[in-house]
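Numbering (the working numbering), first residue to last: 17 to 171.
Each residue gets a CB set at the ideal place from its N, CA and C atoms; glycine is no exception.
Written as structure tokens, this is what we have:
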């Protein structure tokens, strides 16, 4: 593979930041706005502002660390670099993976609930989990296949 083809398939810093920001904002807006509005009431704008401050600090720390120690291993490699290969880095990495699985299941259930709401079936004990599993399996399939499906060969 020549250098230009490799760089066109690489994710730039700007692309990485856009992707991360889009995922955080998209998941938050998709799954949590209703719950935040219900719990916070009139304080909702302040709750979002506080969340934005936390995300800004978190994003800044990821950007600074990634610029200093580039790695494609994500949070696990960052924890390994900070604490060395051992119980602390391994445990926190596993905790991060479990929290990502829980977040995916929350988004899947939210998807199932929203899809069934027009039909009055949003409280279904069968269809909400079925749609959640289908949504997660569909996303996993897209990630496994990657962009190979839409690639055009230039020979």
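Rounded distance between the beta-carbons of residue j and residue i, thought under 8 Å
i	j	result
residue 149	residue 124	7 Å
residue 120	residue 79	Going by Cβ atoms, the distance from residue 120 to residue 79 rounds to 24 Å, so no, they are not a contact pair.
residue 52	residue 60	6 Å
residue 85	residue 66	Rounded, the Cβ-Cβ distance is 29 Å, inconsistent with contact.
residue 105	residue 118	Not really, about 20 Å apart at Cβ, beyond 8 Å.
As assigned by DSSP and simplified to three states, the class of residue i
i	result
residue 94	helix
residue 19	Its pLDDT being 46, under 50, residue 19 is placed unreliably by the model, and the measurement read from it follows with that caveat. If DSSP states are grouped into helix, strand and coil, residue 19 belongs with the helices.
residue 28	coil
residue 109	helix
residue 137	coil
residue 88	coil
residue 145	helix
residue 154	helix
residue 102	coil
Nonlocal neighbours in the same chain, by C-beta distance under 8 Å from residue i, ignoring five residues either side
i	result
residue 14	No answer is possible for residue 14: the residues shown for the chain start at 17 and end at 171.
residue 132	138, 140, 143, 144 and 147
Any non-hydrogen atom of the ligand SAH closer than 8 Å to residue i Cβ
i	result
residue 114	Looking for the ligand SAH in the displayed structure turns up nothing, as the structure carries no ligands at all.
Local Cβ density within 10 Å of residue i, reported as buried at 16 or more and exposed below that
i	result
residue 127	buried
residue 68	exposed
residue 144	buried
residue 28	exposed
residue 129	buried
Close Cβ partners of residue i (< 7 Å) along its chain, the five nearest in sequence each way excluded
i	result
residue 93	87
Close Cβ partners of residue i (< 6 Å) along its chain, the five nearest in sequence each way excluded
i	result
residue 91	112
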